[in-house]
Amino acid sequence: MKVLFVVPEIRLDGAPNHFPFWAGILAAIVEQKGGQVGILDLNALRDNYDGQAVPTKKIIEEISSEKWDLIGIGGLTTTYGRIKQLAPIIRKYAPDSLFVGGGGWSTYNPIEILQLIAELDMIVIGEGEATFSELYDTVSNGSTDYEKINGLCYRTNNNESKFTGPRALIDDLNTVPLPSYDLMEAEIYFKYSSIPLSAASFNSKRRASTVWERGCPRGCTFCSHNGMSRIDLQNIYGEGDRKEGEKLVRISDKENDTFQLPARWPTPEYAVNNVKLLIEKFDVDFISILDENMTSNLKWTQEFCDLYVDEGLDKIVKWGTLGDAPSVAVKPQIIQTMKDSGCEYISFGFESASDKVLNEDIQKGQLRQHLQITVDTIKQAKMTPITTFMIGNMHENIDDLMETVDFWIQNGAEIDPFICTPYVGSPIFYNNRDFLLQQYDSKLKMISEGKFNVSQDIIKKWELEALDTFMIECGDATKYTATVSQYFTIPELFALKEFMRTHDTRRMLQMAHQKFDETRLPQWKHSEKWAHYCEVCKSRKQLEETVSYVTNK
7 MKVLFVVPEI RLDGAPNHFP FWAGILAAIV EQKGGQVGIL DLNALRDNYD
57 GQAVPTKKII EEISSEKWDL IGIGGLTTTY GRIKQLAPII RKYAPDSLFV
107 GGGGWSTYNP IEILQLIAEL DMIVIGEGEA TFSELYDTVS NGSTDYEKIN
157 GLCYRTNNNE SKFTGPRALI DDLNTVPLPS YDLMEAEIYF KYSSIPLSAA
207 SFNSKRRAST VWERGCPRGC TFCSHNGMSR IDLQNIYGEG DRKEGEKLVR
257 ISDKENDTFQ LPARWPTPEY AVNNVKLLIE KFDVDFISIL DENMTSNLKW
307 TQEFCDLYVD EGLDKIVKWG TLGDAPSVAV KPQIIQTMKD SGCEYISFGF
357 ESASDKVLNE DIQKGQLRQH LQITVDTIKQ AKMTPITTFM IGNMHENIDD
407 LMETVDFWIQ NGAEIDPFIC TPYVGSPIFY NNRDFLLQQY DSKLKMISEG
457 KFNVSQDIIK KWELEALDTF MIECGDATKY TATVSQYFTI PELFALKEFM
507 RTHDTRRMLQ MAHQKFDETR LPQWKHSEKW AHYCEVCKSR KQLEETVSYV
557 TNK
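Each number in the working numbering corresponds to the 1-based position in the sequence shown with 6 added.
The following block contains the structure:
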């Protein structure tokens, strides 16, 4: 059987930075079964990264080069727009291939994806290894009996979409094969090894990337995990009804005699062996570990670091990863342990320095004090704090933004915050879906206000079109799409983002005084706590102290 995996371009304004793990792992499964497999990595094959995608002629040549039995395409949510462009090309030049989608771009709303991309035959939901393995066996046996394969949403003969049962999360990640690196465009990725996160990563000539963690133990409302966590499965199979999804996942627990943990890791030995393989195969000089939250599993991280040192790898290949503040606050010494084992950088999602926003909107389980402990600990280890923040959270007001910029000022941090993006699959998307779609079609908002009476079929059609536009706009996380903010407009968020980046509290608070209205815009009233930053408040105080207060009566 012949299988082709297509990797779409990611962020055309940036270099191709990371190996396509999903394609490499699934290719390894095909090889284990004795099949023929290829990876068409468009993300690597683009000639440069100045906004140019791989030419269509090149794609047609590759698709037409073999009679593929199965073609799989996958990626993050940000690849949706490009996949929509590629799908008609793939279907035209591989008309008889089973065409399968998978990954974050399609996992959370597979029925809508099958409606929007008519060329696709089915979607693999969430973790694809076990589901794809069974699908491969079914297709290679000449069968179309997909209903027995858990973890699918497929198109029926009468063009309807049908879910199969939930696929249990993989409880033993050691069973996941390492990617087929020989099929990857490794030398192209090595051309863009340098990343400015530490001296070693910046000077790297042969940096490779890995990912071992599945899911995350935190419950951030803005985040999704590519269908690889229990929370994801509850949302997917409930189709927005969390209780219904939870019931189905519990049935899956019972059937598989296991409780599906929210976050999972392979053994440290598996991870270290992966690094050793990369050294042996490619002579790598730096490893980017893309686990969502390595420090959240303190026991695993300690064991990994110990083994990394025991194997002498700390002297050969430095590495960097991601972590979170609450775990560092529990065990600050983990930072020095990581550094001693070769860790050069740890990136933290701080999100906000307002306890109100962290509690109500982010829900990561961290507070400002955790952020400060983490910054202090990183500095004590003589590492550079790398943090990300976002603005435009649902209940965030001017005081909350001042809490954040004040934190930056106190710590000498220069931050360009993201604007909160409600990606499909995140809790803030599910909780604000109607509000978000109305930002892409004003007709939907007018209907919700009871101004017009329109049939449900037409409303669903307009909602699908609005969703399509929204997902296409999600191609770049640094740009603006829709907002969940209850207080700030799009132009206001852009202005505040720039003022915060430059620590321009004067303009932030002048803007607050211009906008504040007790009845209509109370969110713009800043507390007395920020008067020492406020030019308007200081000017009023100075005038009150030096001259008579003039009023017209």
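Each residue gets a CB set at the ideal place from its N, CA and C atoms; glycine is no exception.
For M128, no alpha helix (DSSP H) encloses it; the enclosing beta strand (DSSP E) starts and ends at M128 to V130. Residues G371, Q372 and H376 of the same chain have their beta carbon placed closer than 7 Å to that of P332, with the five preceding and five following residues left out of the count.
Ranked by how close their Cα comes to the Cα of G225, the residues T216, G233 and P268 have P268 in first place. With a beta-carbon spacing of about 23 Å, V334 and V281 fall beyond the 8 Å limit used to define contacts. If you look at C159, you'll find it isn't in any alpha helix (DSSP H); it sits in the beta strand (DSSP E) that goes L158 to R161.
Membership of A419 in any beta strand (DSSP E) is not indicated, and neither H nor E is assigned to it by DSSP. Here Q121 carries a helix assignment [DSSP, helix/strand/coil]. The beta carbon of A387 lies closer than 7 Å to those of I341, Q342 and K345 in the same chain, with the five residues before and after it left out. When the beta-carbon positions are compared, W271 and W325 stay at least 8 Å from each other.
DSSP places F395 within a strand segment (E or B) once states are collapsed to three. Inter-residue distance for Y351 and D382 is about 14 Å (C-alpha atoms, whole angstroms).
When only Cα atoms are considered, Q91 and I465 end up about 25 Å apart. Across the structure, D474 and G148 are spaced so that their CA atoms are roughly 34 Å apart. Taking the C-beta atoms as reference points, P428 is found nearer than 8 Å to V490.
For a cut-off of 8 Å, the C-beta gap from V363 to D406 is around 5 Å, short enough to register as a contact. The C-beta distance from R97 to P14 rounds to 15 Å, too long to fall under 8 Å, and the pair is not in contact.
In the three-state DSSP reduction, S353 falls in the strand class (E or B).
By the neighbour-count definition (other C-beta atoms within 10 Å, threshold 16), P116 is a buried residue. The continuous beta strand (DSSP E) containing D47 extends over residues Q42 to D47.
Minimum Cα-Cα distance from Q516 among the listed residues P497, R507 and K544 corresponds to K544. Assignment of G431 by DSSP, reduced to helix, strand and coil, places it in the coil class. The beta carbons of I123 and A93 sit closer together than 8 Å. Rounded to the nearest angstrom, the gap between the Cα atoms of D422 and R236 is 32 Å.
Around F522, the same chain offers W530 and K531 as residues with beta carbons nearer than 7 Å, after the five sequence neighbours per side are excluded. In this structure, DSSP gives L377 a helical state, which the three-state scheme calls helix. Note that the C-beta distance between I79 and E133 is not below 8 Å.
Residues of the same chain with a CB within less than 8 Å of the CB of G41, apart from the 5 flanking positions on each side, are M7, K8, V9, Y142 and S146 in chain order. For W28, the secondary structure class from DSSP, reduced to helix, strand or coil, is helix.
I425 has its alpha-carbon roughly 22 Å from the corresponding atom of S448. With 16 or more other CB atoms across the displayed protein chains lying within 10 angstroms of its CB, E219 is buried.
In the DSSP assignment, S294 falls within the beta strand (DSSP E) that extends over F292 to I295. Put simply, of M300, L203, I397 and N437 the residue whose alpha carbon is nearest the alpha carbon of F505 is I397. Counting only residues of its own chain and dropping the five nearest sequence neighbours on each side, I415 has a CB closer than 6 Å to the CB of H509. Runs of the alpha helix (DSSP H) lying entirely within the stretch 197-252, each at least 4 residues long, are 205-208 and 236-244 in chain order.
Taking 8 Å as the cut-off, the Cβ atoms of E140 and I155 count as close. In the structure shown, the three-state DSSP call for G329 is strand.
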